[in-house]
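As they're listed, the protein sequences go chains A and B. For the first sequence, position 309 matches number 309 in full-length UniProt numbering, and the numbering has no gaps at all. For the second sequence, position 198 matches number 198 in full-length UniProt numbering, and the numbering has no gaps at all. The beta-carbon is built from N, C-alpha and C at its ideal position, and this holds for glycine as well. On a predicted model such as this, the values are computed, not experimentally measured, just so you know. To keep things clear, I will list the structure first and then write my remarks on it.
There are 2 protein chains.
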Amino acid sequence: MPVQLDIDELVGRARDGVPRAIARLLSLVEDAHPRLPEVAAKLTPHTGNARVVGLTGPPGVGKSTSTSALLTALRAKGLRVGVLAIDPSSPFSGGALLGDRIRMTEHATDPGVFIRSMATRGHLGGLSWATPQAVRVLDAAGFDVVLIETVGVGQSEVDVVKLADTTVVLLAPGMGDGIQAAKAGVLEIADVFVVNKADREGADATVHDLKQMISLVRREIRGPSWRQPIVRTVASRGEGVEDVVQALDEHHDWLVRREELPRRRAARARDEVEAIAVQRLRAELVDLRSGDRLAELAELVVARKLDPFAAAEELIADLRGS
Amino acid sequence: MPVQLDIDELVGRARDGVPRAIARLLSLVEDAHPRLPEVAAKLTPHTGNARVVGLTGPPGVGKSTSTSALLTALRAKGLRVGVLAIDPSSPFSGGALLGDRIRMTEHATDPGVFIRSMATRGHLGGLSWATPQAVRVLDAAGFDVVLIETVGVGQSEVDVVKLADTTVVLLAPGMGDGIQAAKAGVLEIADVFVVNKADREGADATVHDLKQMISLVRREIRGPSWRQPIVRTVASRGEGVEDVVQALDEHHDWLVRREELPRRRAARARDEVEAIAVQRLRAELVDLRSGDRLAELAELVVARKLDPFAAAEELIADLRGS
Chain A
1 MPVQLDIDEL
11 VGRARDGVPR
21 AIARLLSLVE
31 DAHPRLPEVA
41 AKLTPHTGNA
51 RVVGLTGPPG
61 VGKSTSTSAL
71 LTALRAKGLR
81 VGVLAIDPSS
91 PFSGGALLGD
101 RIRMTEHATD
111 PGVFIRSMAT
121 RGHLGGLSWA
131 TPQAVRVLDA
141 AGFDVVLIET
151 VGVGQSEVDV
161 VKLADTTVVL
171 LAPGMGDGIQ
181 AAKAGVLEIA
191 DVFVVNKADR
201 EGADATVHDL
211 KQMISLVRRE
221 IRGPSWRQPI
231 VRTVASRGEG
241 VEDVVQALDE
251 HHDWLVRREE
261 LPRRRAARAR
271 DEVEAIAVQR
281 LRAELVDLRS
291 GDRLAELAEL
301 VVARKLDPFA
311 AAEELIADLR
321 GS
Chain B
1 MPVQLDIDEL
11 VGRARDGVPR
21 AIARLLSLVE
31 DAHPRLPEVA
41 AKLTPHTGNA
51 RVVGLTGPPG
61 VGKSTSTSAL
71 LTALRAKGLR
81 VGVLAIDPSS
91 PFSGGALLGD
101 RIRMTEHATD
111 PGVFIRSMAT
121 RGHLGGLSWA
131 TPQAVRVLDA
141 AGFDVVLIET
151 VGVGQSEVDV
161 VKLADTTVVL
171 LAPGMGDGIQ
181 AAKAGVLEIA
191 DVFVVNKADR
201 EGADATVHDL
211 KQMISLVRRE
221 IRGPSWRQPI
231 VRTVASRGEG
241 VEDVVQALDE
251 HHDWLVRREE
261 LPRRRAARAR
271 DEVEAIAVQR
281 LRAELVDLRS
291 GDRLAELAEL
301 VVARKLDPFA
311 AAEELIADLR
321 GS
């Protein structure tokens with residue numbers, strides 16, 4: 001017999017800050033539990049208070065260490081912090097990797113900190129679908145700051161900028177030349193740049209390159225009046241982390257002052273509603289005649305008897321007829 | 001007055017291998033031109049002959065150089081090769097970067113080679129939507145091999161494995177420790193591993209780590225009887241590239257022998273049809289009442305008067321009613 005799921009009680013306990021209840025709700029999100037809509041409905045009235053900070057950057061820049069150092073700094077200010085470590089890169093293996101688990105232990109005994117690794121594998125719609133739900137859980141659970149950490153190459157960092165009020169892009173010296181950095185595509189999405197491992201050779205060059213790149217990137221993307229700061233850190237020793245916190249505060253003030261915060265949040269809600277609706281329709285398409293219809297049309301495409309657009313047309317016609 | 005677009009003539013000239021016609025068709029794909037379905041219908045009967053090879057790996061492993069070396073080796077065998085360099089990482093800047101353009105010049109005068117950089121920015125559905133269309137163009141234009149090169153961290157390499165008959169994952173020494181490599185999520189998708197820059201310190205360690213990781217990864221993903229080979233190259237000097245070509249041939253033989261090729265292509269067609277249909281439905285959702293409906297619902301979510309699932313429900317109801 002499945003365990004009875006008392007959503008009301010679970011939400012209530014999560015709002016009281018009970019870690020196991022929060023974890024349980026996040027598992028419902030990860031599993032795309034059928035009662036998730038009910039959960040979202042119960043959580044929504046209690047949301048909107050958390051500052052959502054995205055933290056991204058290419059592998060090897062020290063994201064885990066930086067998150068940990070940032071956590072320490074935010075905790076010192078008395079803020080409760082929830083962390084979502086999103087791993088969009090491993091769709092098959094299912095589960096966060098060792099690195100994420102290791103650093104959890106550092107804050108394991110702190111009740112003002114909640115860290116969760118989420119693999120977005122398998123999820124149709126991936127990050128864009130599951131992460132806002134997870135943020136909603138932590139927001140409703142009363143965390144002052146929700147940090148979303150994700151590997152920042154590819155689509156993931158574009159998704160993270162959509163989710164966050166403020167996006168921090170981490171870089172490190174010796175990550176490759178300027179072109180490679182630009183390829184990583186992280187320049188345009190940053191509200192705050194952090195050059196970590198700033199005690200290493202090449203840090204000055206990285207900051208210099210970054211300044212040049214920033215000047216090349218269309219400013220309007222970040223809003224006309226915000227100048228992306230570049231903060232140097234040595235996260236492993238906690239150096240410069242205070243400056244990161246200050247940059248975050250300044251950006252938040254700017255968001256509020258420019259009425260950019262409600263704009264970003266409306267855009268986020270728009271994406272989320274769209275993602276959920278698309279997800280629903282996609283599921284219906286795939287389910288048509290228990291999935292046979294799509295497979296059938298695919299065979300016709302492989303046999304070159306139908307082009308994929310015509311096949312898609314037929315699929316949609318079937319959906320409307322169903 | 002817009003230039004008259006003669007699809008029949010364009011397809012005919014592309015099939016004759018006229019580079020400008022091929023380029024034009026690819027631009028139609030990139031622009032998501034309204035007459036794309038017509039183009040696909042005309043191209044489809046002439047497709048199915050090209051071997052589609054995906055090439056992915058984290059930034060800095062020498063993907064551009066490897067692609068170029070591979071091109072040279074395949075050309076030496078008399079094969080015509082089309083290259084799609086996909087840059088999913090830069091959604092805003094619009095356009096491929098310098099590195100891609102530089103290496104094009106090397107093969108610029110060879111009529112048996114066609115190279116195109118595509119930014120998948122902006123495209124809803126990104127890679128999964130546009131790339132199969134671009135592959136179809138090159139396939140119909142008679143290229144024996146279509147190489148899809150993409151930055152391999154995040155969702156992009158998952159998409160590339162779906163598109164390719166054979167996926168090559170490039171790594172290089174000193175890309176970070178084993179955990180980082182695993183995070184890059186490239187281990188599970190490789191049919192062939194290439195350790196490039198194999199003359200550098202740490203190459204043996206990388207190969208060793210890779211072997212260990214391979215043994216940890218669930219084998220069945222790649223098919224029970226295929227053992228992922230690890231090829232060492234120094235692409236900048238062309239070393240080992242013949243071995244890569246041989247590994248590609250062996251994998252292709254295996255695909256054919258095991259009847260895995262039609263299976264992969266059916267899966268690919270299925271994804272493509274699904275992506276096109278989802279794209280269509282998404283466009284309809286977003287367009288409801290000129291986009292006002294989604295914006296309206298998003299505002300209600302931000303105001304916490306509606307949760308996003310309920311909002312999505314209403315959006316879909318509107319779609320059905322429209």
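- With a threshold of 16 other beta carbon atoms within 10 Å, residue 56 of chain B meets it and is buried.
- Below 8 angstroms, enough C-beta pairs join the region 50-70 of chain A and the region 166-174 of chain A to call them touching: three or more.
- Distance check between residue 271 of chain A and each of B/254, B/289, B/294 places B/294 closest, using alpha-carbon atoms only.
- Sequence-distant Cβ neighbours of residue 200 of chain B in its own chain, meaning closer than 6 angstroms and more than five residues away, are 173.
- Ranked by Cα distance from residue 129 of chain B, the options B/275, B/232, B/40 are led by B/275.
- The beta carbons of residue 14 of chain A and residue 141 of chain A sit closer together than 8 angstroms.
- In the three-state scheme derived from DSSP, where H, G and I count as helix and E and B as strand, residue 149 of chain A is classed as strand.
- Chain order gives the chain A residues near residue 274 of chain B as 282, 285, 286, 294, 298, 312, 315, where near means a beta carbon separation below 9 angstroms.
- With 16 or more neighbouring CB atoms inside 10 Å of its own CB, residue 210 of chain B falls in the buried class.
- Straight-line spacing of the CA atoms in residue 6 of chain A and residue 21 of chain A works out to 11 angstroms.
- Between residue 139 of chain A and residue 146 of chain A, the C-beta gap is smaller than 8 angstroms, which places the two residues in contact.
- Against chain A, the CB of residue 44 of chain B has a partner CB under 8 angstroms away; the residue lies at that interface.
- Contact between the region 305-312 of chain B and the region 32-52 of chain A is established, with three or more Cβ pairs separated by less than 8 angstroms.
- Taking a 10 Å sphere around the C-beta of residue 109 of chain B, we find fewer than 16 other C-beta atoms and assign the residue as exposed.
- When the beta-carbon positions are compared, residue 299 of chain B and residue 266 of chain A come within less than 8 angstroms of each other.
- Under the Cβ distance rule, residue 112 of chain B does not count among the residues neighbouring chain A, no pair being separated by less than 8 angstroms.
- In its chain, beyond the 5 residues on either side, 52, 54, 131, 132, 135, 148, 268 have a beta carbon closer than 7 angstroms to the beta carbon of residue 163 of chain A.
- Proximity of chain A to residue 41 of chain B at the Cβ level (cut-off 9 angstroms) is accounted for by 306, 307, 309, 310, in chain order.
- Judged by DSSP in its simplified three-state form, residue 239 of chain A adopts strand.
- When C-alpha distances from residue 290 of chain A are compared across A/301, A/318, A/313, A/263, the shortest belongs to A/318.
- For the pair residue 137 of chain A and residue 278 of chain A, the CB atoms are not nearer than the 8 angstroms cut-off.
- Residues of the region 43-66 of chain A with a C-beta less than 7 angstroms from any C-beta of chain B: 44, 45, 47, 48, 58, 59, 60, listed in chain order.
- When CB distances to chain A are screened at a threshold of 9 angstroms, the residues of the region 238-264 of chain B falling below it are 262, in chain order.
- With fewer than 16 other Cβ atoms from the protein chains shown falling within 10 Å of its own Cβ, residue 258 of chain B counts as exposed.
- Residues of chain A with a Cβ closer than 9 angstroms to the Cβ of residue 266 of chain B are, in chain order, 295, 298, 299, 301, 302.
- Collapsing the DSSP output to three states places residue 312 of chain B in a helix.
- In terms of Cβ geometry, residue 150 of chain A and residue 196 of chain A do not form a close pair [threshold 8 angstroms].
- For residue 263 of chain A, the closest of B/34, B/303, B/70 by C-alpha to C-alpha distance is B/303.
- When rounded, the separation of the alpha-carbon atoms in residue 248 of chain A and residue 292 of chain B is 33 angstroms.
- Within chain A, not a single residue places a beta-carbon under 8 angstroms from that of residue 232 of chain B; the smallest gap is close to 21 angstroms.
- At least 8 angstroms separates the CB of residue 229 of chain A from every CB of chain B.
- Under the three-state reduction of DSSP output, residue 189 of chain B falls in the coil class, being neither helix nor strand.
- In this model, residue 34 of chain A and residue 204 of chain A are separated by some 51 angstroms (Cα to Cα).
- For residue 294 of chain A, the enclosing alpha helix (DSSP H) begins and ends at 292-302.
- In summary, residue 237 of chain A is exposed, with fewer than 16 beta-carbon neighbours lying within 10 Å of its beta-carbon over all protein chains present.
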